[in-house]
Amino acid sequence: MDTITSNSPEATLALGEQWAATARPGWVIGLEGDLGAGKTHLVKGIARGLGITEPITSPTFTLVCEYEGRLKLEHLDFYRLENDDQILTSGLEPYFQPEGIAVIEWFNRWTGPRPADYRHVTLEQTGEHERLIRYEDIGA
Amino acid sequence: MRLLAIESSCDETSAAIIEDSSVRSVVVSSQIKIHAEYGGVVPELATREHLANLQPVVREALVQAGFAASELNAICATQGPGLPPALMIGWKAAQSMAFALKVPLIGVNHVEAHLYSPWFQGDPPRACWEGFQPNISLVSSGGHTLLAQVDHPLDHTIIGSTQDDAAGECFDKCAKLLGLGYPGGPIMDRLAAQGNPEAYTFARPMLNQDNHDFSFSGLKTSVRYFLEKHPGLSEDDVALPDLCASIQAAIVEVLVKKTIRAARRQRLGCITLSGGVACNTGLRKAFQQACEKHELNLQVAPSNLCTDNAAMVGLLGERYLQKATPTTDWQADIRPSWRLTEPA
């Protein structure tokens, strides 16, 4: 597991941007962290790294937002979903094998098999601007 | 002209019959009762329900209007944006019916239907295009928050939108932080009416930025920090209405001031409101006062057309048919990410 301390929203964006540089089709990134932990900032950084210029808006209500970039970015949010059954019957399982890359907020709501190419990320607020970001590549 | 409209982009399955610009029937299988048990909207239930609800909802709309399917001249349905598996159910049904009945099919943009719903007035609602005025339109719901300049019916430009969370989402997430039930927005609205909006100060995000965009993600985060610093405050019966009023005041002030500013800057004499957040009484009141002060006409979508419904989809679809817009292909796909800036 790797651990990074981000001292500003800009540093979180830069981390996402850096990850996007190594992004490949089929990659799934799952994010875990409280409201305000910086999940969306990380996604914004990944989008910027993929050359996406339009604003990354919250998929909380719509569940899925798709963007065209160097690779297609599929941004999902399981916030409104409670468990595996709800995720499956919402028809969201195909996103575990994305055409481009999929970044899924509140991925901890899913307890089923991991996607094949998977990075698990935990964001934790440790100070007003400080975030502890831990990540691990644990694909099935 | 008689047409059937179907809406299934998110949590509601809805069908409506429109005849000559008037709503003959509208049926919405409101699922709030199911969702309340779970403390939030649970779309999987909705998705599964769309399939179960669609046929009875369509049949009921036809029965209430007193028409047989064979008497329909066209079918309209929401083609996007929305949740793919939910959209798929309504859209495929609409395509199949249009194909079987050999009538035109019109794919409607869900957000555009909201955008024009302030012009659907009366009981039963009818499309009042003759009363149309060029306007600045605020569309605000759980999933969308945008400002559009509307010069003529079907001729609109998006001038600003949220850069992160929608206003309705901010209401719901703040309500959850305060431990309120579902739906959070209406509960907060009710409590806010009894509270002091100046009791606590929350940031007005992007209020002073020289653009027409919004941002509500930071407000939600600041509410969270505030509650962490003041544990127990949201359980206090006196403080809770004040908290609700203060949070609501922050959201409302940004929406009102930026919308009014856009209308004044573009020299337009009319403002329209639509989407679920337009039901918020605090927001309506603040808009009424601001529009009176600046001598602007205020046109608000009827409450029953603010939340997702098929009537607005049908009334807009009929307008497209009247304008001889090419009909949508029977085999066209759903458009889950259909931006309002892209053509129909």
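First to last, the sequence lines map onto chains A and B.
For the first sequence, the numbering used here assigns the number 1 to the initial residue and increments by one for each residue that follows.
For the second sequence, the numbering used here assigns the number 1001 to the initial residue and increments by one for each residue that follows.
Ideal Cβ placement from N, Cα and C applies to all residues, glycine included.
| Per DSSP, Gly112(A) is paired with what? | Answer by DSSP bridge pairing: none, since Gly112(A) is not bridged.
| message | Looking at Asp117(A): is its Cβ nearer than 8 Å to the Cβ of Gly100(A)? | response | In this structure, Asp117(A) keeps its C-beta atom at 8 Å or more from the C-beta atom of Gly100(A).
| said: Can you tell me which residues form a DSSP beta bridge with Val64(A)? | reply: Its beta-bridge partners are Leu76(A).
| Where Leu35(A) meets chain B, residues with beta-carbon distance less than 8 Å | Correct list: Lys1173, Leu1177, Lys1220, Thr1221 and Arg1224.
| task | For my contact list, Gly952(B) and His1110(B) are in at a C-beta cut-off of 8 Å; report their separation, rounded to the angstrom. | result | Missing from the structure shown is residue 952(B); chain B here goes from 1001 to 1344 and no further.
| query | Taking all protein chains shown into account, do 16 or more other C-beta atoms lie within 10 angstroms of the C-beta of Thr1328(B), making it buried, or fewer, making it exposed? | reply | Thr1328(B) comes out buried.
| DSSP state of Val1238(B), grouped into three classes? | Coil.
| field | Presumed contact (8 Å Cβ cut-off) between Gly69(A) and Gly51(A), rounded CB distance | value | About 5 Å; that satisfies the 8 Å criterion.
| query | How many angstroms separate the CA atom of Trp1330(B) from the CA atom of Lys72(A)? | reply | Straight through space, the alpha carbons of Lys72(A) and Trp1330(B) are spaced by roughly 27 Å.
| How would you list, in chain order, the residues of chain B whose beta-carbon sits under 9 Å from the beta-carbon of Thr126(A)? | Thr126(A) does not reach chain B, its nearest Cβ partner there being about 13 Å away, counting only Cβ pairs nearer than 9 Å.
| Hey, Gly1185(B) and Gly1168(B) are a contact pair by Cβ (cut 8 Å); roughly how many whole angstroms apart? | Sure, about 6 Å apart at Cβ, within 8 Å.
| Three-state secondary structure (DSSP) of Leu1003(B) | Leu1003(B) falls in the strand class under three-state DSSP.
| Less than 8 Å separating the beta-carbons of Leu1177(B) and Cys1244(B)? | No Cβ-Cβ contact shorter than 8 Å links Leu1177(B) with Cys1244(B).
| Unbroken beta strand (DSSP E) run spanning Thr3(A), endpoints | Here the beta strand (DSSP E) through Thr3(A) covers Asp2 to Ser6.
| message | Suppose you measure from the CA of Glu1012(B) to the CA of Val1058(B); what does that come to, to the nearest Å? | response | The alpha-carbon atoms of Glu1012(B) and Val1058(B) are separated by roughly 13 Å.
| Contact list for the segment 1188-1210 of chain B against chain A, Cβ threshold 9 Å | Contacts with chain A (Cβ-Cβ distance below 9 Å) from the segment 1188-1210 of chain B involve no residue at all.
| message | Does chain B have any CB closer than 8 Å to the CB of Thr5(A)? | response | No, Thr5(A) lies away from the interface with chain B (no Cβ there is under 8 Å from its Cβ).
| field | Gln1055(B) versus Val1026(B), Ala1093(B) and Ile1018(B), residue with shortest Cα-Cα distance | value | Selected option, being the one with the closest Cα: Ala1093(B).
| Interface residues of the segment 1312-1332 of chain B facing chain A [CB-CB below 8 Å] | When CB distances to chain A are screened at a threshold of 8 Å, not a single residue of the segment 1312-1332 of chain B falls below it.
| In chain B, what lies closer than 8 Å to Val171(A) by C-beta? | Because chain A spans 1 through 140 in this model, residue 171(A) falls outside it and cannot be assessed.
| message | I want to see whether chain B comes within less than 8 Å of Phe96(A), judged by CB atoms only; does it? | response | Not closer than 8 Å to any Cβ of chain B, the Cβ of Phe96(A) fails to qualify, so no.
| query | In three-state terms, what does DSSP make of Phe1214(B)? | reply | In the structure shown, Phe1214(B) adopts extended strand secondary structure according to DSSP, grouped into three states.
| message | Starting from Gly1082(B), trace the beta strand (DSSP E) in both directions and tell me its first and last residue. | response | Careful: Gly1082(B) lies outside any beta strand (DSSP E) and carries neither H nor E.
| task | Measure the CB-CB distance between Ala102(A) and Leu76(A) and report whether it falls below 8 Å. | result | The Cβ atoms of Ala102(A) and Leu76(A) sit closer than 8 Å to each other.
| task | Please go through the same chain and pick out, in chain order, the residues whose beta-carbon is closer than 7 Å to the beta-carbon of Cys1170(B), but skip the five residues on each side of it. | result | Cβ-Cβ distances below 7 Å link Cys1170(B) to Phe1216, Leu1219, Lys1220 and Ile1251 in the same chain, with the five nearest sequence neighbours on each side left out; the list follows chain order.
| Interface residues of chain A around Ile1307(B) at Cβ under 9 Å? | It should be pointed out that residue 1307(B) corresponds to Thr in this sequence rather than to Ile. Chain-order list of chain A residues neighbouring Thr1307(B): empty, with the shortest C-beta distance near 13 Å, by a criterion of under 9 Å.
| Looking only at its own chain, which residues have a Cβ that is under 8 Å from the Cβ of Phe1120(B), when we skip the five neighbours before and after it? | Counting only residues of its own chain and dropping the five nearest sequence neighbours on each side, Phe1120(B) has a CB closer than 8 Å to the CB of Val1023, Arg1126, Ala1127, Cys1128, Ala1301, Pro1302, Leu1305, Ala1311, Met1312 and Leu1315.
| said: If you reduce the DSSP assignment to three classes, tell me which class Cys1128(B) lands in. | reply: In this structure, Cys1128(B) counts as coil in the three-state DSSP scheme.
| By Cβ distance below 7 Å, which residues in the same chain neighbour Gly1039(B) in space, the five residues on each side in sequence not counted? | At Gly1039(B), the pLDDT of 44 sits below 50, so the modelled position is not reliable and the matter cannot be decided from this model.
| request: Mind checking which residues open and close the alpha helix (DSSP H) that includes His1110(B)? | output: Its alpha helix (DSSP H) spans residues His1110 to Tyr1116.
| request: Note down, in chain order, every chain A residue with its Cβ under 7 Å from the Cβ of Gly1142(B). | output: Here the neighbours are Phe61.
| message | Just to confirm, is the Cβ distance from Gln1248(B) to Gly1282(B) under 8 Å? | response | Yes; because the gap between Cβ atoms is below 8 Å, this pair is in contact.
| message | Excluding the 5 residues flanking Ala1290(B) on each side, which residues of the same chain have their C-beta closer than 6 Å to its C-beta? | response | Around Ala1290(B): Val1256 and Ile1260.
| request: Determine, using beta carbons only, whether Ser8(A) comes closer than 8 Å to chain B. | output: No, its Cβ sits nowhere closer than 8 Å to a Cβ of chain B.
| Hey, quick one: how far does the alpha helix (DSSP H) through Leu1147(B) stretch, first residue to last? | No alpha helix (DSSP H) contains Leu1147(B), which is instead part of the beta strand (DSSP E) from Thr1145 to His1152.
| field | Boundaries of the alpha helix (DSSP H) in which Tyr1320(B) is found, first to last residue | value | Annotation: the continuous alpha helix (DSSP H) that includes Tyr1320(B) extends over Ala1310 to Gln1322.
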